[in-house]
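For reference, the structure is listed below as structure tokens.
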Amino acid sequence: MTGELDGKVAIITGGARGMGAAAVRLFLQEGAKVVIADILEDVGRDLAGELGDGAAFRKSDVSKAEEVEALVNFAVDQFGGLDILFSNAGVMGDPQPDFLKEDFTTFVQTMSVDLLGPLLGAKYAGQHMAKNGGGCILTTASSSALYGGHSIIPYRAAKAGVIGMTKSLAIELGQYGIRVNCISPGPTRTEMTVAMDGVPQEKLERLQDISMEKMMGRMPLGRLGTPEDIAQAALFLASDRAAQITGINLPVDGGETAGNTENTLTKIQAAFAEELGM
Ligand SMILES: NC(=O)c1ccc[n+]([C@@H]2O[C@H](COP(=O)([O-])OP(=O)(O)OC[C@H]3O[C@@H](n4cnc5c(N)ncnc54)[C@H](O)[C@@H]3O)[C@@H](O)[C@H]2O)c1
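In numbering that gives the first Met the number 0, the protein residues as written are 0 to 277.
This is the structure:
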């Protein structure tokens with residue numbers, strides 16, 4: 000622990016569990032006061048209770064403007080200011096294996112939470128930060144925004160929107176000393192990766208193993224991400240070490256988006272050799 004966030008106040012949305020909770024713990028260890036914002040009231044309150052006076056929970060739905068505005072005011076009242084907003088809350092929406100059958104039942108929710116949510120956060124946190132000498136706004140995008148793929152097209156589109164939004168907000172808010180960046184996690188072991196209703200608790204670990212095994216082939220570093228990997232990237236971008244960094248998307252994906260992991264050339268050469276009887 001080096002006290003990198005000493006004296007700072009942070010809001011972390013989606014902070015009750017997963018990557019958000021890992022960031023809450025790390026930011027606190029580094030000296031920040033942290034408001035955990037989530038719709039999961041019991042889980043969020045328990046976490047804040049466990050962490051002591053430096054943490055507070057505020058039930059907030061990031062897709063509702065009035066709740067986001069109230070969240071920013073809560074952080075300022077509770078801890079005397081707001082320096083960092085980590086808009087990390089997200090939902091994936093139900094995977095639809097056949098886009099031609101997409102019924103868009105979760106489309107509005109996905110867009111509202113994953114894209115409108117961070118925009119609302121940037122507006123209300125930005126209003127406070129602009130009057131108070133600046134700050135840092137971070138959002139969790141996704142590696143799935145960086146290349147095409149099956150099944151979760153609205154989610155991919157919303158997360159691609161986050162990356163676009165980040166660049167424009169960095170330009171718009173730079174004049175106030177507000178830095179705006181995003182992080183794109185690759186497959187990371189959290190409850191989101193088993194996104195199915197009604198999964199029995201005792202099956203959760205096993206389903207996560209299955210889900211992670213299926214994604215492993217895309218990971219050059221040979222391991223999946225952990226919530227702590229993402230929290231470390233968020234800490235870096237929130238800290239003064241990143242004082243000259245704004246408008247970027249930082250992939251934290253074990254190389255998943257570096258390129259095609261299949262060694263196609265070797266396969267072609269082997270096929271040529273077979274064809275030519277060499
Ligand atoms: N797990 C992965 O592999 C992965 C990969 C890329 C990106 N992401 C992104 O990382 C972020 C964190 O996800 P996670 O993997 O920790 O999953 P998670 O499901 O454990 O955490 C998401 C949190 O967001 C909260 N949330 C959902 N809707 C909300 C709303 N309307 N208002 C406030 N809070 C809300 C949930 O209650 C939950 O606590 C998300 O934005 C997600 O899209 C995850």
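Here a beta-carbon is modelled for each residue, glycine too, at the ideal position from N, C-alpha and C. Predicted, not measured: the structure shown is a model, and the values here were computed from it.
Item	Value
Beta-bridge partners of ASN248, as assigned by DSSP	CYS181
Beta-carbon contacts of ALA159 that lie in its chain and below 7 angstroms, excluding the five residues immediately before and after	ALA144
Boundaries (first-last residue) of the alpha helix (DSSP H) holding ASP45	40 to 50
Proximity of ILE38 and GLY92 at Cβ, strictly below 9 angstroms	no
GLY116 - containing alpha helix (DSSP H), residue span	116 to 130
For ALA233, the nearest candidate out of GLN95, THR139 and PRO186 (CA to CA)	THR139
The segment 161 to 177 contacting the segment 127 to 134, beta-carbon criterion three pairs below 8 angstroms	yes
Beta-carbon contacts of PHE56 that lie in its chain and below 6 angstroms, excluding the five residues immediately before and after	ILE35, GLY43, ARG44 and ALA47
Cβ pair MET280, GLY224 closer than 9 angstroms	Residue 280 lies beyond the range of the chain shown here (0 to 277); nothing can be said about it.
Identity of the residues DSSP links to GLY80 by a beta bridge	Per DSSP, none; premise fails for GLY80.
Whole-angstrom distance between ASP97 and LEU81, CA atom to CA atom	43 angstroms
Which of helix, strand or coil DSSP assigns to GLY163	helix
DSSP beta-bridge partners of LEU137	PHE85 and ASN180
At least 3 beta-carbon pairs within less than 8 angstroms: the segment 242 to 259 vs the segment 176 to 187	yes
Coil, strand or helix - PHE56 by DSSP	strand
Beta carbon proximity, GLY176 to chain B, threshold 9 angstroms	In the structure shown, chain B cannot be found, because there is only a single protein chain.
Alpha carbon of LYS63 to alpha carbon of PHE106, nearest angstrom	16 angstroms
One or two residues paired with THR187 in a DSSP bridge	GLY224
Nearest-angstrom Cα separation, counted from THR1 out to ASN72	29 angstroms
Nearest-angstrom Cα separation, counted from ARG217 out to GLU255	6 angstroms
Inter-residue spacing [alpha-carbon to alpha-carbon] between GLY147 and ARG155	8 angstroms
Residues that ALA9 bridges to, as DSSP identifies them	VAL33 and ILE83
Per-residue burial, PRO153 [other beta carbons within 10 Å of its own, 16 or more giving buried]	buried
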